[in-house]
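In my numbering, the protein residues as written are 137 to 570.
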Amino acid sequence: MTTPPQTHDLLSFIDASPTPWHAVAEVERRLQAAGWTKVDEQAADWGVKPGARAYVVRSGSSIVAWKMGMRGPQDAGFRILGAHTDSPNLRVKPQPDRKPSGGCATLGVETYGGVLLATWMDRDLGIAGRVALRGEGSEFAIESRLLRLDEPVCRVSNLAIHLNRGVNKDGLVLNKQTHLPAMWGIADNGEEGAFRHWVTDQLGVDEDRLLGWDLSLFDVTPSAVGGRNGDFIFAPRLDNLASCHAALSAVLNTAEEETVATSVIALFDHEEVGSRSMRGAASAFLGDTLARLAGTADVLRRAKARTFLVSADMAHAQHPNYADMHDGEHAPLLNKGPVLKSHQEWRYATDAESSAVWRGLCQRAGIPTQEFVTRTDLACGSTIGPIVTTALGVAGVDVGNPMLSMHSIREMAGAHDQPHMIDAMEAVLEWAGA
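As structure tokens, then:
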């Protein structure tokens, strides 16, 4: 079976985005290539007018982009596609150089988000993220640079089964502090400050300019299509770069004359740790941006009543080896289309009316859909949908493509679901409203 071009493009997008900062840089690159203009949060005039296409970035890892509709927000509202740019991983500590042990130099790391720890063992790990430098000409100027090394610099090695005889029976139990430091060389006598020196050497700058970093380990193995008939995709960070890619593709695919309402994509950092940051979904970033696009408080209030949000975050497909972990009537399958997620304690933003909009648009466009409700005896996860709909007071749904191995260093999904999600998002952006 031929792999859809949208899926190949998704894998390219993921491989270009080892961290949230790289993901936003890739989104920017694609927007600019399509004629979008970057604006500054501090600018007095964003050039808001019908048909205008622009975006704003906050702290390098969250982005809101928009295409003004043929009608004003007060008459047509906003169509918002939301997702998150971050994924669980291992982050390098501020002072990572540890006392050598076993003759090896190791880096101290901290877990970010709900990491499936065992999957990070015995992987070829690169280092990527952003680095803060003292700018040229002023002691108060700060320059941010992206850093990415695709070589296998680090490794977190498993203990041999000969020394851990019960591992296959009892499971692998890892202590985050003592078992996760990453080996990155043979120890010498100059380990103190070695990582700082390495970072500045990679960037080609003087060490006294280095002020700080947000750096992560990542698997350097490229994303791939797999399965006997090309049924699957295997990749890191599908949760949730696949949703970011779908939202971006949808807003780039829709023509201006097809969008009556103003189209918005909002891609946030920090969802995996609760969204409560100055650039997370719980911040004022999106609300302030919509206020600028509306122009006045009255227009914004009227626009919200006509606004619809699609919060896109990957969904749990039924696992063939753990089928009983799903509610039998709400068990999504790979390659069977986008999943509508609901929860009666409001872990998702979906309700009867908003789900009717989603189902109706998908049905009209011929897009298959599925349903997910977690088992009643299991705790339910959440995402940005309830946060954003609560803050803005707008209607919305939570959706996502089905996947397996969520929060693993290497996840998997169906090779044929991405085009369906893109098409569904396009249908939302083109929806003129009731």
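The C-beta atom is built at its ideal place from N, Cα and C for all residues, glycine as well.
Rounded straight-line distance, which links the Cα of residue j to that of residue i
i: alanine 180; j: glycine 431; result: 12 Å
i: glycine 464; j: proline 555; result: 26 Å
i: alanine 433; j: valine 184; result: 15 Å
i: tryptophan 334; j: tyrosine 248; result: 23 Å
i: glutamate 393; j: glutamate 566; result: 9 Å
i: leucine 571; j: glutamate 562; result: Given that the chain is displayed from residue 137 to residue 570, the structure contains no residue 571 and the question cannot be resolved.
i: aspartate 176; j: histidine 315; result: 43 Å
i: arginine 437; j: glutamine 210; result: 8 Å
i: leucine 374; j: leucine 346; result: 32 Å
i: threonine 173; j: arginine 189; result: 6 Å
i: threonine 425; j: valine 361; result: 38 Å
i: leucine 217; j: histidine 455; result: 28 Å
i: leucine 253; j: asparagine 311; result: 10 Å
i: alanine 170; j: alanine 383; result: 15 Å
i: glutamine 506; j: tryptophan 482; result: 19 Å
Given residue i as reference, the closest of the options once Cα atoms are compared
i: alanine 515; options: Thr525, His479, Ala501; result: His479
i: arginine 207; options: Met414, Asp534, Ala439; result: Ala439
i: aspartate 233; options: Val446, Ala492, Asp324, Met548; result: Asp324
i: alanine 268; options: Gly196, Ser223, Val289; result: Gly196
i: glycine 550; options: Leu540, Thr390, Ile558, Arg194; result: Leu540
i: leucine 476; options: Ala459, His455, Asn457, Cys498; result: Cys498
i: arginine 166; options: Asn300, Ala531, Asp145, Trp182; result: Asp145
i: valine 535; options: Thr242, Ala219, Gly238; result: Ala219
i: alanine 570; options: Ile503, Asn389, Gly496; result: Gly496
i: valine 289; options: Lys229, Ile322, Ser153; result: Ile322
i: arginine 194; options: Ser413, Asn471, Gly532; result: Ser413
i: glutamate 328; options: Phe214, Val400, Leu243, Ile199; result: Leu243
i: threonine 526; options: Gly423, Asp337, Arg284; result: Gly423
i: glycine 250; options: Glu407, Ile523, Tyr484, Thr512; result: Glu407
i: alanine 485; options: Glu246, Gly529, Gly273; result: Gly529
N- and C-terminal bounds of the alpha helix (DSSP H) containing residue i
i: valine 251; result: Element bounds for valine 251: n/a, residue is neither H nor E.
i: threonine 336; result: 330-339
i: leucine 422; result: 421-430
i: glycine 362; result: Here glycine 362 belongs to no alpha helix (DSSP H); instead the beta strand (DSSP E) covers 360-362.
i: serine 490; result: 488-501
i: aspartate 211; result: 209-212
i: arginine 166; result: 156-169
Cβ-based burial, residue i [other Cβ within 10 Å; buried from 16]
i: glutamate 343; result: exposed
i: alanine 371; result: buried
i: asparagine 537; result: buried
i: methionine 461; result: exposed
i: phenylalanine 276; result: exposed
i: proline 358; result: exposed
i: serine 293; result: exposed
i: tyrosine 191; result: buried
i: alanine 402; result: buried
i: lysine 203; result: buried
i: glutamine 142; result: buried
i: leucine 388; result: buried
Residue i - containing beta strand (DSSP E), residue span
i: tryptophan 202; result: 198-203
i: glutamate 507; result: 506-508
i: arginine 270; result: 261-270
i: glutamate 547; result: 547-550
Near the ligand SAM: residue i beta-carbon under 8 Å from a heavy atom
i: glycine 521; result: Looking at this structure, you won't find the ligand SAM or any other ligand, since it has none at all.
Going residue by residue through the segment 346-391, where are the continuous beta strand (DSSP E) segments of at least 3 residues, counting only ones entirely within it? Runs found: 346-355, 360-362, 368-371.
Every unbroken beta strand (DSSP E) inside the segment 395-424 [3 residues or more]: Counting whole runs of 3 or more residues, the segment 395-424 contains the beta strand (DSSP E) stretches 398-404.
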